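Chemist: Chains as they are written, first to last, in the numbering used here: chain U, 760 to 974; chain Z, 760 to 974. By construction, the Cβ of each residue, glycine as well, lies at the ideal position given by its N, Cα and C atoms. Just so we're clear, the structure is a prediction, and the values are computed from it rather than from any experiment.
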């Protein structure tokens with residue numbers, strides 16, 4: 760089975776790494792430095808730890824679970840990225856005092872595209888950013904054929920992403936390939952609605968996902 | 760039963776007006792001028808016709824089905840809007856040569872907000888813009904509890920919008936009130952994904968809608 764690096768020690772990185780370890784996958788989580796305090800909880804989860812560069816060197820398949828506002832800086836410090844596949848699950852959100860964070864994506868610009876442009880030798884696949892991390896890591900907690908999207912320029916990297924999704928429990932009918940990395944803008948732009956829906960529905964936890972119903 | 764004005768003679772205005780007439784609703788469609796050629800098909804549909812101002816004067820409840828790029832200009836020529844409820848179903852899309860039209864909305868800006876700011880005495884409710892017009896007009900063509908959103912600052916106008924939606928066949932569990940008109944940005948931003956989904960799924964007609972599945 761594939762070896763996976765996870766960049767980022769926040770709730771998203773922790774949830775994905777813990778789930779992978781639970782499934783028996785060899786996974787290393789990377790932080791800004793190998794002795795970061797943020798890496799402490801991972802030992803108990805059976806997850807290896809190191810710097811961003813350690814996690815990239817450890818694995819061919821890397822998950823970007825850093826805060827979207829810092830993702831490019833994190834990747835700049837992550838050593839040799841050439842030929843690696845990066846599954847970018849992050850969103851770039853601007854905090855708003857007393858309000859909802861604002862997604863920075865627009866029709867012309869997305870974090871996924873910016874990462875791909877900055878690291879042309881890296882194979883970037885935007886995926887999983889449209890849902891809560893508990894759903895990313897274990898789609899069986901939401902009923903039905905709810906969906907996950909793929910955006911990326913490299914077919915091989917998308918195949919590796921499909922394999923990664925399958926490990927987590929995603930089934931092929933749930934996976935929708937939108938096209939090139941330019942389509943990352945489409946999925947990143949949905950974050951504004953995603954943040955409003957659980958509030959509007961009167962639930963605390965945004966553990967929902969979208970299903971496509973058609974005639 | 761309420762009297763409804765529909766602004767716009769394109770496929771969206773035609774589909775909504777035809778459906779309302781079929782349901783026995785008194786509906787008038789408005790065009791740039793009362794003798795516009797674009798009004799010709801409506802006679803056969805049992806729909807009254809007139810200028811934008813005629814349609815607004817005819818009804819308390821007005822549907823904005825004009826092209827989003829021209830909506831503000833259309834409303835500027837529509838006479839006295841004070842106290843009317845406007846259900847804004849439009850999207851502002853920039854055409855792209857050989858590509859997908861680009862939604863102009865961003866986290867800080869939407870057409871719904873701009874219409875409300877330009878016409879402060881009008882009660883604007885953004886709704887229905889997240890789907891194909893055949894689904895707007897007859898939600899029963901798509902199975903399940905697929906959803907429609909409401910964004911608007913006035914509670915009474917939202918109640919009138921709920922009544923309008925009920926006439927078309929929308930059931931209460933399908934209707935999600937997102938909050939004020941500032942939330943129109945969230946729904947307008949989803950258009951980028953909406954355009955990609957039918958292409959990705961290999962279907963010709965974008966007659967689908969979103970269902971929220973949750974645990």
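Quick check: what's the CA-CA separation for residue 974 of chain U versus residue 967 of chain Z?
Modeler: Numbered from 1 along the first chain, position 215 holds the residue referred to as residue 974 of chain U. Numbered from 1 along the second chain, position 208 holds the residue referred to as residue 967 of chain Z. Each residue's Cα considered, the two are about 7 Å apart.
Chemist: Check whether the Cβ atoms of residue 844 of chain U and residue 884 of chain U lie closer than 8 Å to each other.
Modeler: Start at 1 with the first residue of the first chain, and residue 844 of chain U comes out as number 85. Start at 1 with the first residue of the first chain, and residue 884 of chain U comes out as number 125. Yes; because the gap between Cβ atoms is below 8 Å, this pair is in contact.
Chemist: Please confirm whether residue 969 of chain U has its beta-carbon closer than 8 Å to some beta-carbon of chain Z.
Modeler: Here residue 969 of chain U refers to the residue found at position 210 when the first chain is read from its first residue. Residue 969 of chain U counts as touching chain Z.
Chemist: Where do the N-terminal and C-terminal ends of the beta strand (DSSP E) with residue 908 of chain Z fall, by residue?
Modeler: Translated into positions along the second chain, residue 908 of chain Z becomes position 149. It spans 907–911 - the beta strand (DSSP E) in which residue 908 of chain Z sits, taken as one unbroken run.
Chemist: State buried or exposed for residue 880 of chain U, treating a residue as buried only when at least 16 other CB atoms are found within 10 Å of its CB.
Modeler: Residue 880 of chain U sits at position 121 when you count from the first residue of the first chain. So residue 880 of chain U ends up on the exposed side.
Chemist: Suppose the cutoff is 8 Å on Cβ atoms and the five residues either side in sequence are ignored; what does the same chain contact list for residue 874 of chain U look like?
Modeler: Counting from one through the first chain, the residue named residue 874 of chain U turns up at place 115. Taken in chain order, the residues that qualify are 823, 830, 831, 834, 845, 847, 881, 883.
Chemist: In terms of residues, what are the limits of the alpha helix (DSSP H) holding residue 811 of chain Z?
Modeler: Along the second chain, one-based indexing puts residue 811 of chain Z at 52. Start and end: 811–817.
Chemist: For the beta strand (DSSP E) that contains residue 822 of chain U, what are its first and last residues?
Modeler: Within the first chain, residue 822 of chain U is the residue found at index 63, counting from 1. Residue 822 of chain U -> beta strand (DSSP E) spans 820–823.
Chemist: Output yes if chain Z places a C-beta closer than 8 Å to the C-beta of residue 935 of chain U; else output no.
Modeler: Taking the first chain and counting its residues from 1, one reaches residue 935 of chain U at position 176. True, the Cβ-Cβ gap to chain Z drops below 8 Å.
Chemist: Name the residues in the segment 861–883 of chain U whose C-beta lies less than 9 Å from a C-beta of chain Z; which are they?
Modeler: Taking 9 Å as the Cβ-Cβ cut-off against chain Z, the residues of the segment 861–883 of chain U that qualify are 861, 862, 863, 864, 865, 866, 867.
Chemist: At what residues does the alpha helix (DSSP H) containing residue 830 of chain Z begin and finish?
Modeler: Translated into positions along the second chain, residue 830 of chain Z becomes position 71. Here the alpha helix (DSSP H) through residue 830 of chain Z covers 830–835.
Chemist: Quick check on DSSP: helix, strand or coil for residue 889 of chain U?
Modeler: In the first chain, residue 889 of chain U corresponds to position 130, counting from 1. Note: residue 889 of chain U maps to coil in three-state DSSP.
Chemist: Just grab the DSSP bridge partners of residue 929 of chain Z for me.
Modeler: Locating residue 929 of chain Z in the second chain gives position 170, counting from the first residue. None, per the DSSP bridge assignment.
Chemist: Residue 861 of chain U and residue 870 of chain U look like a contact to me (Cβ under 8 Å); what is the Cβ gap, rounded to whole Å?
Modeler: Locating residue 861 of chain U in the first chain gives position 102, where the first residue counts as 1. Locating residue 870 of chain U in the first chain gives position 111, where the first residue counts as 1. 13 Å between Cβ atoms; not a contact.
Chemist: Would you mind reading off the limits of the alpha helix (DSSP H) that contains residue 870 of chain U?
Modeler: Start at 1 with the first residue of the first chain, and residue 870 of chain U comes out as number 111. It spans 870–877 - the alpha helix (DSSP H) in which residue 870 of chain U sits, taken as one unbroken run.
Chemist: Could you name the residues of the same chain whose beta carbon sits closer than 6 Å to that of residue 859 of chain U, not counting the 5 residues immediately before and after it, in chain order?
Modeler: By one-based count along the first chain, residue 859 of chain U stands at place 100. If we look at residue 859 of chain U and ignore the five residues flanking it on each side, its Cβ neighbours are 954.
Chemist: Return the residues of the segment 922–955 of chain U that lie within a Cβ-Cβ distance of less than 8 Å from chain Z, sorted by chain order.
Modeler: Answer set for the segment 922–955 of chain U: 935, 936, 937, 938, 942, 944, 945, 946, 948, 949, 951, 952, 954, 955.
Chemist: Would you mind sorting residue 956 of chain U into buried or exposed? The rule is 16 or more other CB atoms within 10 Å of its CB.
Modeler: Here residue 956 of chain U refers to the residue found at position 197 of the first chain. Buried, by the Cβ-count rule.
Chemist: Tell me the DSSP bridge mates of residue 883 of chain Z?
Modeler: One-based indexing of the second chain puts residue 883 of chain Z at position 124. Answer by DSSP bridge pairing, in chain order: Z:845.
Chemist: Go ahead and pull the three-state DSSP assignment for residue 924 of chain Z.
Modeler: As a working note, residue 924 of chain Z is residue 165 in the second chain. Note: residue 924 of chain Z maps to helix in three-state DSSP.
Chemist: Contact criterion: CB-CB distance below 8 Å. Does residue 902 of chain Z meet it with respect to chain U?
Modeler: Numbered from 1 along the second chain, position 143 holds the residue referred to as residue 902 of chain Z. By this cut-off, residue 902 of chain Z is an interface position.
Chemist: Contact between the segment 922–934 of chain Z and the segment 919–930 of chain U is defined here as three or more beta-carbon pairs at a separation below 8 Å; is this criterion met?
Modeler: Verdict: no, contact absent.
Chemist: My guess is that residue 814 of chain U and residue 764 of chain U are in contact by the Cβ rule of under 8 Å, so how many angstroms apart are they, rounded?
Modeler: Taking the first chain and counting its residues from 1, the one referred to as residue 814 of chain U is at position 55. Taking the first chain and counting its residues from 1, the one referred to as residue 764 of chain U is at position 5. About 4 Å separates the two Cβ atoms, so the contact holds.
Chemist: Would you mind reading off the limits of the alpha helix (DSSP H) that contains residue 863 of chain Z?
Modeler: Here residue 863 of chain Z is taken as the residue at index 104 of the second chain, counted from 1. Premise fails: residue 863 of chain Z is in no alpha helix (DSSP H) and is neither H nor E.
Chemist: Determine, for residue 778 of chain Z, whether the minimum Cβ-Cβ distance to residues of chain U falls below 8 Å.
Modeler: Within the second chain, the letter at position 19 stands for residue 778 of chain Z. It does not: the Cβ of residue 778 of chain Z has no partner Cβ on chain U nearer than 8 Å.
Chemist: Which chain U residues sit within Cβ distance under 9 Å of residue 966 of chain Z?
Modeler: Residue 966 of chain Z sits at position 207 when you count from the first residue of the second chain. Residues of chain U passing the Cβ test: 973, 974.
Chemist: Could you give the residue range of the beta strand (DSSP E) that holds residue 782 of chain Z?
Modeler: Working through the second chain from its first residue, we reach residue 782 of chain Z at position 23. That residue, residue 782 of chain Z, is in no beta strand (DSSP E); it is neither H nor E in DSSP.
Chemist: Quick check: residue 850 of chain Z and residue 947 of chain Z, are their CB atoms within less than 8 Å of each other?
Modeler: To locate residue 850 of chain Z, count along the second chain from 1; it is residue 91. To locate residue 947 of chain Z, count along the second chain from 1; it is residue 188. Cβ distance < 8 Å, so residue 850 of chain Z and residue 947 of chain Z count as in contact.
Chemist: Would you say residue 896 of chain U reaches chain Z, if we count a Cβ-Cβ gap shorter than 8 Å as a contact?
Modeler: Against the first chain, residue 896 of chain U aligns to sequence position 137. Answer no: the Cβ-Cβ gap between residue 896 of chain U and chain Z never drops below 8 Å.
Chemist: So with Cβ pairs under 8 Å, would you call residue 916 of chain Z a contact of chain A?
Modeler: The chain inventory of the structure shown lacks chain A, comprising the protein chains U and Z.
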